[in-house]
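Everything on this sheet refers to the single structure shown next.
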Amino acid sequence: MSLYRTARPLLFRLPPETAHAWGHAGLRAIQRTPLLSRVAARYTVADERLQTTAFGQSFPNPVGVAAGFDKNAEIPRALAALGFGFVEVGGVTAEPQAGNPRPRMFRLAEDEGLINRMGLNNDGAAVVGTRLAETPVDVPVGVNIAKSEHVDPADAPDDYRRAYHAVADGADFFVVNISCPNSQGFEALQNRESMAAILGDLVDAGAGPLLVKLSPDLPDPAVDDALSIVEEFDLDGIVATNTTTDRPVSLRSPNRVETGGLSGAPIESSATGMVRYVAQRTDVPVIGVGGVSTAEDAYRKIRAGASLVQLYTGLIYRGPSVAREINRGLLKLLDRDGFDSVADAIGVDL
Ligand SMILES: Cc1cc2nc3c(=O)[nH]c(=O)nc-3n(C[C@H](O)[C@H](O)[C@H](O)COP(=O)(O)O)c2cc1C
């Protein structure tokens, strides 16, 4: 039995945000010591069949950390040492903000899910930008950029541009988050006009590679609008998906009544459906996210058209070896199905 499976019941007795802070502190400590290379040796699956390229970046493997886990870019090197092929830090906003009152993160243990209403708590783009510029990381690092809570949706383009400029030098790609269900005014950003204003401004500011992160709650016509904007502005990719405000009837945990965005196993299949929908209608790379915690989950998203996958909730339930287990499992699945590399499996189910 892995150490994490022994430790998990103890960690799960703590409030989720406290457990997360402990895990974070442990990874921050490791990042500062020579232990980091020992961790990397233990968790990295180095195999050229896992290597892939997307939007001009080379990824050692397709399994990344989703936005929200390292909001302030404090542990990207430790996450790379755990075997992740890339890290998306943030969401960051132009100014620091405290987020919503606690508690704001809830485990749905019976469902292997989480509900969060963090509200984009972060140190602000200037601090995160400096941190990133001072931290060389072995894998590509993306920054997730979001709208500041107090900013009116009409002023969002300027707010996103300010945040972008503050982090521009430290990142390998940028993800525009217009799909946060836990902060005010985000619904108003997901119409054609707003998306065009925000993304057009960022393109003019020279942001790139530039990706947009979509909500799974968008009706198909709104997704189609987003896709036409991706084409119009020649954006570099799409991240599908963010958390959902939907509550599948299958949920068993009493915490299902909490307000916020649902993530983890309960959204795996709907997020894969959105990856497929998007990949069928665009040529840009898609990062598939939502409920990935095993190799089979990752493989389904890749076969549905994802060039890369990401996870957050899977780390909470499966622990620090999750990327290693997924990468090892992916190699077996590729072998089983006769693919020479991950790249050969992308979109085969479309
Ligand atoms: C506590 C928490 C905080 C998150 N914060 C952000 C964020 O700041 N920006 C963002 O785009 N997504 C954020 N997400 C969404 C994740 O990046 C991801 O899209 C979602 O959780 C689905 O993936 P998962 O099922 O692997 O967790 C957050 C998720 C969680 C659970």
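Following this note's numbering, the numbering of the sequence shown begins with 442 at its first residue and continues without gaps.
Just so you know, even glycine gets a beta-carbon here, dropped at the ideal spot from N, CA and C.
What you are looking at is a predicted structure, and each value in this text was computed from that prediction instead of being measured.
Which value, in whole angstroms, describes the spacing of the CA atoms of residue i and residue j?
i: Q498; j: M559; result: 30 Å
i: D687; j: G702; result: 8 Å
i: L444; j: V698; result: 32 Å
i: S704; j: E673; result: 30 Å
i: I639; j: A745; result: 29 Å
i: P662; j: I556; result: 26 Å
i: A574; j: L655; result: 27 Å
i: R606; j: F496; result: A quick correction: the sequence has His, not Arg, at residue 606. Roughly 20 Å separates the two Cα atoms.
i: L451; j: Q472; result: 24 Å
i: A597; j: D781; result: 44 Å
i: G770; j: T735; result: 8 Å
i: V671; j: F453; result: 41 Å
i: R397; j: G641; result: There is simply no residue 397 to check, as the chain begins at 442 and stops at 791 in what is shown.
i: P689; j: T713; result: 15 Å
Can you say whether residue i is buried or exposed, counting buried as having 16 or more other CB atoms within 10 angstroms of its CB?
i: L659; result: buried
i: E624; result: With the sequence shown as reference, residue 624 is identified as Ser, and Glu is not the correct amino acid for it. S624 should be labelled buried.
i: R759; result: buried
i: L455; result: exposed
i: T700; result: exposed
i: D675; result: exposed
i: G779; result: exposed
i: L791; result: exposed
If distances are taken between C-alpha atoms only, which option among the options comes closest to residue i?
i: E536; options: Q751, L749, G570, G755; result: G570
i: V763; options: A481, L476, L523; result: L523
i: P485; options: A514, F527, P450; result: Residue identity differs from the one stated: residue 485 is Thr in this sequence, not Pro. For T485, the nearest C-alpha among the options comes from F527.
i: P650; options: V727, R603, P577; result: V727
i: L549; options: G464, I708, G467; result: I708
i: S478; options: M546, H461, P544, V578; result: V578
i: Y601; options: A646, A539, A481; result: A646
i: M546; options: D666, K742, T459; result: T459
i: N562; options: T494, N513, G729, V568; result: N513
i: A482; options: A521, S589, L756; result: A521
i: E766; options: F525, W463, T474; result: F525
Indicate whether residue i and residue j have their beta-carbon atoms separated by less than 8 Å.
i: L749; j: R490; result: no
i: A539; j: V584; result: no
i: L774; j: Y740; result: yes
i: N541; j: S620; result: no
i: G678; j: L643; result: no
i: T534; j: G509; result: no
i: L468; j: I516; result: yes
i: G732; j: P657; result: no
i: V783; j: K742; result: no
i: Q751; j: A507; result: yes
i: E551; j: S694; result: yes
i: I586; j: F615; result: yes
i: G554; j: P594; result: no
i: D511; j: V480; result: no
i: R722; j: L668; result: yes
i: P622; j: F500; result: no
i: A681; j: G729; result: yes
Are the C-beta atoms of residue i and some chain D residue less than 8 Å apart?
i: I679; result: Considering every chain present, this structure includes no chain D. It has just one protein chain.
Problem set entry | Contiguous beta strand (DSSP E) assignments of at least 3 residues, all confined to the segment 579-638 | 582-586, 614-618
Exercise. What are the uninterrupted segments assigned as alpha helix (DSSP H) that are 4 or more residues long and contained completely in the segment 691-752, given in chain order?
Worked result: 709-722, 736-744
For this session: May I have a chain-ordered list of the beta strand (DSSP E) segments no shorter than 3 residues that lie completely inside the segment 647-697?
Result: 651-655, 678-681
For this session: Identify every run of the alpha helix (DSSP H) within the segment 485-550, keeping only runs that are complete inside it and at least 4 residues long; order them along the chain.
Result: 517-522
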